[in-house]
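As given, the protein sequences belong to chains A and B, one line each in that order.
Under numbering that gives the first Met the number 0, the residue at position 126 of the first sequence is numbered 125, and the numbers go up by one with no gaps.
Under numbering that gives the first Met the number 0, the residue at position 13 of the second sequence is numbered 12, and the numbers go up by one with no gaps.
Just so it is clear, CB atoms sit at the ideal spot from N, CA and C, and this is done for glycine as well.
It should be emphasised that the depicted structure is a prediction, and the values quoted were computed from it without experimental measurement.
Number of protein chains: 2
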Amino acid sequence: MRQDCVMSLQRRMDVLAKSAWFENLPAKALAELAAQGRERKLPQGQILFTANEPAEGMYVVLSGSVRAFRENIDGREQTIHVEGVGGILAEVPVFDGGAYPSTTMAEEDSELLFLAKEDVRRFLLQHPEAALTALAILAKKLRTVASLAEQLSLKDVTQRLATLLLEEARRKNPKLLDGVSFSMPLSHAQLASRLGSVREVVTRSLQKLVQQEVVAIHGHRVVILDLKALRAQTDPHSKASPASAARR
Amino acid sequence: MRQDCVMSLQRRMDVLAKSAWFENLPAKALAELAAQGRERKLPQGQILFTANEPAEGMYVVLSGSVRAFRENIDGREQTIHVEGVGGILAEVPVFDGGAYPSTTMAEEDSELLFLAKEDVRRFLLQHPEAALTALAILAKKLRTVASLAEQLSLKDVTQRLATLLLEEARRKNPKLLDGVSFSMPLSHAQLASRLGSVREVVTRSLQKLVQQEVVAIHGHRVVILDLKALRAQTDPHSKASPASAARR
DNA sequence: ACAGCTGGGTGATTTAAGTCACTGTGTTGG
DNA sequence: CCAACACAGTGACTTAAATCACCCAGCTGT
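The structure is reproduced here in structure tokens:
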């Protein structure tokens with residue numbers, strides 16, 4: 000038992016050290032944090048916490064993966080993010096003292112490290128470098144969310160779809176050229192939910208891209224045939240330019 | 000001159016002390032920060048910094064007000080936020096090291112305090128309480144932006160308009176009841192820019208609300224006549240329920 | 001083998017938004 | 001006083017998107 004506990008602590012530290020939030024911190028600091036956490040197992044499909052429920056702390060994913068989502072008033076459930084090992088859930092309420100912003104559910108059997116918000120705050124006060132890292136991460140998130148908002152507001156579905164494909168492609172394979180392919184295991188309905196649209200529209204938009212030979216699709220594999228054309232779809236200029244219409 | 004400088008320092012501290020970012024900090028800490036800043040005058044209409052330009056630091060509004068906006072590729076310019084005295088501009092790039100996320104322009108003659116990003120970082124390392132406050136503010140912003148994104152994606156213009164009116168009303172007068180009024184000195188075009196739409200649509204939406212006697216408008220003064228109806232406009236359910244149409 | 005499910009593909013119709021073009025109504029300044 | 005301008009109001013038209021209502025694979029369990 001004693002042995003178990005030590006091993007577990009070590010494991011927690013390993014995960015924390017690899018997390019973007021705590022990298023570059025001395026082992027001593029990590030040990031301190033790891034010691035304060037409580038572990039928790041979460042079988043697949045189980046809910047960890049629910050949106051609007053008062054928050055007591057945040058969670059670090061030690062194994063498995065957890066999905067955060069929200070139920071919109073019109074009924075559809077929208078995935079916000081998925082966290083794998085080292086990922087953090089519910090950091091926002093720890094900082095601002097509010098309620099959980101989303102509902103989270105284990106995508107597979109997972110283990111989590113719970114850190115009470117007071118512990119986290121105390122830790123950050125004692126380790127200001129960690130606080131600065133946290134600030135950097137939140138700031139990045141803010142940018143991401145803001146640009147996401149922009150996309151949702153200003154572009155038509157085809158443009159948003161093209162943007163998403165480009166992002167996905169870049170994530171898998173940063174050096175982009177014609178012919179790169181990647182796997183995107185999402186149903187049209189899931190795609191639609193990420194794009195803020197509905198299945199039918201996504202189907203038709205995808206079709207359009209395929210017919211224009213901008214991309215090709217085989218099952219869950221997406222091949223980018225014409226990077227330039229895809230980029231053109233991305234920005235609203237393409238509409239204005241008569242040349243591009245001819246090319247299609 | 001010497002006198003000027005002292006007075007100026009005092010003024011800076013007064014503003015900083017009232018800013019959400021630095022309230023509750025000891026005067027000594029504020030003085031330290033104020034001393035590191037450089038003041039800058041910005042006549043109305045002048046641009047402070049431009050989106051995507053590398054960021055050297057952030058600005059505190061000492062007087063006047065400054066508007067942050069972005070030019071979208073399709074030409075329209077979208078207001079992101081407006082900061083008055085005590086407000087902060089460009090904190091995000093200070094934390095994440097990136098470029099300015101928006102363009103900012105003085106809405107009226109303004110004075111600003113520039114704080115170099117290294118100075119801010121050093122300050123936060125030495126005053127972890129301030130870092131925690133900053134985290135809280137960023138976290139709140141994240142929530143706001145996220146809910147904003149949700150709104151943009153899921154609601155029609157009338158719904159977004161209703162939401163904006165409710166928010167505005169709550170900011171001026173937190174206890175909401177039928178008959179509260181507030182001033183909203185925005186042209187329809189400016190409203191449209193905040194709602195991600197165009198003037199004509201906003202005009203018609205407003206008209207609709209007025210005709211349904213949900214709100215009344217006299218010049219720049221908005222009176223909320225029927226709070227419940229306004230709230231109903233806010234969520235997409237209202238469409239589904241035929242009863243609500245009768246009630247209006 | 002087939003009922004039932006899930007994911008995809010389509011046509012027809014409706015609707016909110018955007019676009020254009022023009023009118024009306026102040027305000028401001030020469 | 002009138003030209004110029006900015007803002008608001010409107011009608012007519014166009015167009016993405018959403019919605020509805022189907023059909024058509026494949027796959028799964030019985």
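query: H249/A burial status per 10 Å Cβ neighbour count (16 or more: buried); result: With chain A represented from 0 up to 247, any question about residue 249/A goes unanswered, as that position is not in the structure.
query: K154/A (DSSP reduced to helix, strand or coil); result: coil
query: Which listed residue (A133/A, A168/A, Q206/A, S196/A) has its alpha carbon closest to that of R230/A; result: A168/A
query: Where the alpha helix (DSSP H) containing L112/B begins and where it ends; result: Not the alpha helix (DSSP H): L112/B falls in the beta strand (DSSP E), residues 109 to 115.
query: Contact with chain B by L114/A, beta-carbon distance below 7 Å; result: no
query: Nearest candidate by alpha-carbon position, reference G178/B, set K207/B, L226/B, K27/B, L141/B; result: L226/B
query: Cβ neighbour criterion (16 or more within 10 Å) applied to K40/B; result: exposed
query: Segment limits, beta strand (DSSP E) that includes Q267/A; result: The shown model of chain A, from 0 to 247, leaves out residue 267/A, and the question about it has no answer.
query: Sub-7 Å separation of A138/B and F21/A beta-carbons; result: no
query: Cβ pair count under 8 Å reaching 3, the region 102 to 122 of chain B against the region 183 to 194 of chain B; result: no
query: E76/B, DSSP secondary structure in three states; result: strand
query: Proximal chain B residues relative to L160/A, where beta-carbon distance stays under 7 Å; result: Per Cβ cutoff of 7 Å: no residues; L160/A is ~14 Å from chain B at best.
query: L88/A and T103/A closer than 7 Å at C-beta; result: yes
query: C-alpha distance - L264/A paired with D234/B, whole-angstrom precision; result: Residue numbering for chain A in the displayed model covers 0 to 247; residue 264/A lies beyond these limits and cannot be assessed.
query: First through last residue of the beta strand (DSSP E) which encompasses L61/A; result: 56 to 62
query: Exposed unless 16 or more other CB atoms sit within 10 angstroms - verdict on A34/A; result: exposed
query: Limits of the unbroken alpha helix (DSSP H) element including T233/B; result: 226 to 233
query: C-beta atoms of L147/B and G36/B nearer than 7 Å; result: no
query: Reference K308/B; option with closest CA among K140/B, I223/B, L134/B, L131/B; result: Coverage of chain B is limited to positions 0 through 247, which leaves residue 308/B absent and any answer about it impossible.
query: Residues that K139/B contacts on chain A, provided the C-beta gap is smaller than 7 Å; result: D95
query: Contiguous alpha helix (DSSP H) assignments of at least 4 residues, all confined to the region 171 to 199 of chain A; result: 187 to 194
query: Whether V144/B touches A145/A by CB criterion (7 Å); result: yes
query: Members of the region 33 to 64 of chain A near chain B, C-beta cut-off 9 Å; result: none
query: CB contact below 7 Å: L163/B versus chain A; result: no
query: CB contact check: A231/B to chain A, cutoff 7 Å; result: no
query: Interface residues of chain B facing E128/A [CB-CB closer than 8 Å]; result: L124
query: Endpoints, alpha helix (DSSP H) assigned at E90/B; result: 90 to 95
query: Identity of the residues DSSP links to T103/A by a beta bridge; result: F48/A, A67/A
query: L41/B - DSSP class collapsed to helix/strand/coil; result: strand
query: CB contact below 7 Å: A133/A versus chain B; result: yes
query: Classification of I46/B by the beta-carbon crowding that lies within 10 angstroms, buried from 16 upward; result: exposed
query: Nonlocal neighbours in the same chain, by C-beta distance under 6 Å from A130/B, ignoring five residues either side; result: L123
query: Sequence-distant residues of the same chain with beta carbon closer than 6 Å to D118/B, five excluded per side; result: Q35
query: Beta-carbon contacts of L205/B that lie in its chain and below 6 Å, excluding the five residues immediately before and after; result: none
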